[in-house]
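Okay, so here's the structure we're looking at.
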Amino acid sequence: MSKFVRSSSVCLCILALGLAMGALAHAQTPAAAAAPTATPSPLPATTKELATAVAQAPTTADLAKGDPGGTITGTVNDVPVTNPKVGLTLGDTANQVGQNKIAINFVWTLVTGFLVMFMQAGFALVEAGLCRVKNANHTYMMNFVVYGCGLFAYWLLGFAIQMGGAAGNGNLGGLQSLSSEHTMSLFHKTWGLFGGAGMFLSGHPYDVGVMVIFLFEMVFMDTALTIVTGACAERWKFLAFAVSSVIMGAITYPLYGNWAWGGGWLSQLGTNVGLGHGYCDFAGSGVVHAVGGITALAVSMIVGPRIGKFNRDGSSNPIIGHDISAVMIGCFILAFGWFGFNPGSTLGASAAGNLRIGTIAVDTMLAGCTGTFGALLFMWMKNGKVDASMSGNGLLAGLVAITAPSGFVSTVGAAIIGVVAGVLVCLSCSFIENVMKVDDPVGAISVHGTCGLWGVLSVGLLADGTSNYGGSWNGVAGSVTGLFYGDPSQLVAQLVGISTLIGFVFTLSFLINLCIELFVGQRVSVETEVAGLDIPEMGQLGYPEFVFRPEPESMQQAEAAYGVTSSVFAS
Amino acid sequence: MAANKSQGSYYTLFLVAATVLCAGLYDISSGIGILLLILGALGMVASLLGMLKIKSLEGRTALKPGPGFMKLIGAGVCALGWLITLYGMHLTPSVGGRLVLALVGISVSLFGIIVVLPAAFNKNAVWKA
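Protein chains in written order, with our numbering: chain P, 1 to 571; chain F, 1 to 129.
As structure tokens, this is what we get:
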């Protein structure tokens with residue numbers, strides 16, 4: 001009875017919070033923008049005026065005295081002049097303005113890309129920390145090597161498939177050399193399938209703007225690849241992982257990425273069949289996280305559960321990770337990197353509505369915060385204790401879920417999305433483990449797969465119609481708007497994206513990895529698994545100077561059933 | 001047997017062949033490109049066959065053979081749900097109708113993932129031994 005009361009209390013609390021947030025959202029009608037005061041028409045600039053400005057600019061002698069206040073550094077003298085005989089012209093000035101816009105956007109996109117790259121360290125810490133000590137080296141190595149596997153595959157082929165037809169991005173100079181999208185005609189409409197320009201970043205795509213977008217998209221792709229390593233840790237053969245990662249980076253991820261971001265058919269659902277603004281995924285809840293989580297599910301099923309995870313009656317045994325400090329620090333690194341993930345997806349900090357980067361960053365923080373609370377409070381009420389690893393997963397769940405809607409929702413929407421994700425990740429972990437009997441050592445399938453799908457869905461529900469990225473999105477004029485703000489067709493577009501993730505991406509990943517199982521073999525031997533993957537696969541323990549405690553008796557019994565005893569543990 | 005030199009060799013061949021194959025794709029309009037494409041494809045096949053040859057050296061794994069056909073059926077059901085969703089966008093122009101058909105398609109796919117595939121994999125599961 002008390003369990004029923006507790007569960008009912010949890011549900012009522014969540015419902016009440018949701019209703020309160022919803023009421024607050026509706027009450028907070030954004031104030032109408034103040035009408036701009038009339039300003040006198042500026043006098044047209046003339047070459048004579050520019051010459052006057054040049055004459056009045058600080059001289060070399062002035063600058064030689066130093067500029068502690070920064071008042072004379074950066075003047076009209078710093079604008080490049082095309083023809084020194086003519087002097088500074090309006091054309092020179094306009095060119096510099098344009099180059100400044102592109103330079104700002106380049107720097108923004110690159111720096112945020114660097115932050116996302118650093119997330120690889122966060123993933124490594126979280127995954128290794130949640131695994132047993134005898135597999136630490138192997139788990140760290142998978143996260144280390146996946147960066148190289150993915151980058152190489154993406155450079156060879158993946159980028160071309162994903163972004164080969166992505167020309168038209170005004171933030172980065174147009175990217176006109178990426179103008180090769182293979183299409184097909186169906187139901188009297190043209191649908192993009194995959195790109196063709198950009199292999200080896202050679203030929204016409206050897207372009208400054210293309211290099212920027214390559215770096216940014218590559219680090220996103222690598223995030224998807226690294227998700228799989230967590231779900232399959234502690235029994236995935238390194239060779240199989242290496243082959244699977246290359247194929248995922250070359251084909252699986254870029255294909256869906258093209259459909260959503262590269263001018264493919266999912267993004268065209270708005271222009272072709274009138275479904276909202278087409279499939280909208282601002283920073284990749286679907287493209288990155290759901291693809292990663294769903295592929296992780298497919299591979300986990302094929303690899304099978306760890307020895308000792310499930311008992312003969314189907315009940316599961318907790319297998320505790322070896323380093324909770326690594327998990328917590330890893331989560332913070334991921335949260336930090338997410339400031340690159342979401343705000344960086346504007347691909348610019350100048351023009352075309354890009355000043356919304358502050359809103360996106362705050363939405364990201366808030367969703368992470370409420371995601372943490374959602375998981376922490378749920379587990380506290382359910383088990384009576386605060387669960388550190390699940391709280392970390394709650395933070396990540398909130399961040400994953402806000403990734404798609406971050407560019408389109410208010411802070412209230414972000415908070416709702418986060419708290420739902422925090423509770424959802426706990427329920428999903430339990431379902432996947434206890435009902436589907438799929439072993440996921442780090443909860444990657446739930447964090448990234450389940451919450452990624454929730455993030456995609458939430459765009460169709462909570463996009464508030466106030467964003468403005470150049471007046472249109474996916475070729476459809478206006479702002480992305482969800483069901484609760486008046487556009488139910490956006491929800492349908494999101495559902496098509498979800499169906500594609502579940503129905504196509506899962507099936508493709510499943511079949512590819514079945515082939516890898518056939519040729520390579522996905523799983524290590526029983527002896528290797530029991531001994532720990534570090535020495536058999538890597539040749540060295542993760543912590544060679546430590547003396548390890550024996551594993552729990554239930555684990556020793558399960559391993560003994562195979563006639564194998566572990567060799568790295570103290571007797 | 002775990003990691004060994006043969007694995008390293010065949011994976012190196014895999015990466016080199018993938019590079020050559022992609023170089024062929026890049027320049028497919030020329031004769032050299034087609035030659036590279038063929039060489040790359042042959043290299044990929046050779047690497048996979050090599051990995052197959054050394055697969056048995058790994059030794060026994062905890063996995064037991066399962067009903068392969070049922071796994072393919074599960075994947076097929078999953079894909080069928082996606083096709084239902086896509087066709088639904090063409091079948092009706094109404095938002096409500098498309099919403100319903102999208103949900104039907106997603107449900108069919110989830111049935112394949114949550115019911116059919118786990119049943120196939122858990123039939124001879126590791127923990128049932």
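Note that the Cβ used here is the ideal one computed from N, Cα and C, for glycine as well.
Test item: CB-CB of residue i and residue j under 8 Å
{"i": "alanine 109 of chain P", "j": "glycine 344 of chain P", "result": "Going by the sequence as given, residue 109 of chain P is threonine instead of alanine. Going by C-beta atoms, threonine 109 of chain P is nearer than 8 Å to glycine 344 of chain P."}
{"i": "leucine 91 of chain F", "j": "leucine 101 of chain F", "result": "yes"}
{"i": "isoleucine 113 of chain F", "j": "phenylalanine 506 of chain P", "result": "yes"}
{"i": "alanine 367 of chain P", "j": "alanine 401 of chain P", "result": "yes"}
{"i": "leucine 130 of chain P", "j": "proline 552 of chain P", "result": "no"}
{"i": "isoleucine 516 of chain P", "j": "alanine 240 of chain P", "result": "yes"}
{"i": "glycine 374 of chain P", "j": "valine 126 of chain P", "result": "no"}
{"i": "alanine 153 of chain P", "j": "glycine 195 of chain P", "result": "no"}
{"i": "leucine 396 of chain P", "j": "valine 447 of chain P", "result": "yes"}
{"i": "alanine 351 of chain P", "j": "serine 300 of chain P", "result": "no"}
{"i": "isoleucine 104 of chain P", "j": "alanine 444 of chain P", "result": "no"}
{"i": "glycine 40 of chain F", "j": "alanine 17 of chain F", "result": "yes"}
{"i": "glycine 264 of chain P", "j": "glycine 270 of chain P", "result": "no"}
{"i": "glycine 278 of chain P", "j": "methionine 328 of chain P", "result": "no"}
{"i": "glycine 74 of chain F", "j": "valine 45 of chain F", "result": "no"}
{"i": "leucine 201 of chain P", "j": "threonine 19 of chain F", "result": "no"}
DSSP-derived helix/strand/coil call for residue i
{"i": "phenylalanine 282 of chain P", "result": "coil"}
{"i": "valine 476 of chain P", "result": "strand"}
{"i": "aspartate 222 of chain P", "result": "helix"}
{"i": "lysine 385 of chain P", "result": "coil"}
{"i": "leucine 186 of chain P", "result": "strand"}
{"i": "threonine 89 of chain P", "result": "coil"}
{"i": "asparagine 169 of chain P", "result": "strand"}
{"i": "glutamate 551 of chain P", "result": "coil"}
{"i": "leucine 366 of chain P", "result": "helix"}
{"i": "tyrosine 11 of chain F", "result": "helix"}
{"i": "lysine 101 of chain P", "result": "helix"}
{"i": "serine 94 of chain F", "result": "coil"}
{"i": "glycine 59 of chain F", "result": "coil"}
{"i": "glycine 422 of chain P", "result": "helix"}
{"i": "glutamate 217 of chain P", "result": "helix"}
{"i": "glutamate 181 of chain P", "result": "strand"}
Proximal residues of chain F, C-beta to C-beta of residue i below 8 Å
{"i": "valine 524 of chain P", "result": "Ala2, Glu58 and Thr61"}
{"i": "phenylalanine 214 of chain P", "result": "Per Cβ cutoff of 8 Å: no residues; phenylalanine 214 of chain P is ~15 Å from chain F at best."}
{"i": "methionine 301 of chain P", "result": "Leu117, Pro118 and Phe121"}
Neighbouring residues, chain P, relative to residue i (Cβ below 9 Å)
{"i": "phenylalanine 14 of chain F", "result": "Ala242, Val243 and Val246"}
Local Cβ density within 10 Å of residue i, reported as buried at 16 or more and exposed below that
{"i": "asparagine 258 of chain P", "result": "buried"}
{"i": "phenylalanine 69 of chain F", "result": "exposed"}
{"i": "aspartate 281 of chain P", "result": "buried"}
{"i": "isoleucine 32 of chain F", "result": "exposed"}
{"i": "alanine 25 of chain P", "result": "Any reading at alanine 25 of chain P must be qualified, since the residue scores a pLDDT of 44, below 50, and its modelled position is unreliable; the value itself is stated next. Classification of alanine 25 of chain P: buried, given that the 10 Å Cβ count is 16 or more."}
{"i": "glycine 348 of chain P", "result": "buried"}
{"i": "asparagine 342 of chain P", "result": "buried"}
{"i": "asparagine 122 of chain F", "result": "buried"}
{"i": "asparagine 4 of chain F", "result": "exposed"}
{"i": "proline 30 of chain P", "result": "Model confidence at proline 30 of chain P stands at a pLDDT of 41, short of 50, so the residue's coordinates are unreliable; what they give is reported in the following sentence. It is exposed - the Cβ of proline 30 of chain P has fewer than 16 other Cβ atoms within 10 Å."}
{"i": "alanine 94 of chain P", "result": "exposed"}
{"i": "leucine 199 of chain P", "result": "Before going on, a small fix: residue 199 of chain P reads as methionine here, not leucine. Label assigned to methionine 199 of chain P: buried."}
{"i": "asparagine 137 of chain P", "result": "buried"}
{"i": "glycine 150 of chain P", "result": "buried"}
{"i": "proline 80 of chain P", "result": "exposed"}
Interface residues of chain F facing residue i [CB-CB closer than 9 Å]
{"i": "proline 305 of chain P", "result": "Ala62, Ala125, Val126 and Trp127"}
{"i": "serine 180 of chain P", "result": "The contacting residues do not exist; serine 180 of chain P stays about 12 Å from chain F at best."}
{"i": "glycine 475 of chain P", "result": "Those within 9 Å of glycine 475 of chain P in chain F number zero; the least Cβ separation is about 17 Å."}
Partners in chain F for residue i, counting only beta-carbon separations shorter than 7 Å
{"i": "serine 489 of chain P", "result": "Val95"}
{"i": "methionine 199 of chain P", "result": "Cys22, Leu25 and Tyr26"}
{"i": "phenylalanine 238 of chain P", "result": "Ala3"}
Interface partners of residue i on chain P, CB under 7 Å
{"i": "methionine 89 of chain F", "result": "Val273 and Val496"}
{"i": "lysine 55 of chain F", "result": "Val520 and Gly521"}
{"i": "isoleucine 106 of chain F", "result": "Leu495, Ile498, Ser499 and Ile502"}
{"i": "threonine 19 of chain F", "result": "Leu156"}
{"i": "methionine 70 of chain F", "result": "Neighbours of methionine 70 of chain F on chain P: none; closest Cβ ~12 Å, over 7 Å."}
Near the ligand COA: residue i beta-carbon under 7 Å from a heavy atom
{"i": "valine 287 of chain P", "result": "Ligands are entirely absent from the displayed structure, and the ligand COA is therefore not among its contents."}
The region 372 to 388 of chain P contacting the region 420 to 427 of chain P, beta-carbon criterion three pairs below 8 Å = Yes, the region 372 to 388 of chain P touches the region 420 to 427 of chain P.
inquiry  = Would the region 491 to 508 of chain P count as touching the region 26 to 35 of chain F if we require 3 or more Cβ pairs under 8 Å?
reply    = Too few Cβ pairs lie closer than 8 Å, so no.
message = Under 8 Å: do the region 113 to 133 of chain P and the region 218 to 234 of chain P share three or more Cβ pairs, one atom per stretch?
response = Enough Cβ pairs lie closer than 8 Å, so yes.
query = How about the region 473 to 493 of chain P and the region 8 to 27 of chain F: do they share at least three Cβ pairs that are nearer than 8 Å?
reply = When Cβ pairs closer than 8 Å are counted between the two stretches, the region 473 to 493 of chain P is seen not to touch the region 8 to 27 of chain F, the count staying below three.
request  = Please determine if the region 520 to 528 of chain P and the region 45 to 62 of chain F are in contact, where contact requires at least 3 C-beta pairs separated by less than 8 Å.
outcome  = Here the region 520 to 528 of chain P makes contact with the region 45 to 62 of chain F; the two share three or more CB pairs at distances below 8 Å.
inquiry  = When you compare the region 304 to 314 of chain P with the region 64 to 73 of chain P, are there three or more beta-carbon pairs, one atom per stretch, that lie closer than 8 Å?
reply    = Between the region 304 to 314 of chain P and the region 64 to 73 of chain P, the count of C-beta pairs closer than 8 Å stays below three; the two stretches do not touch.
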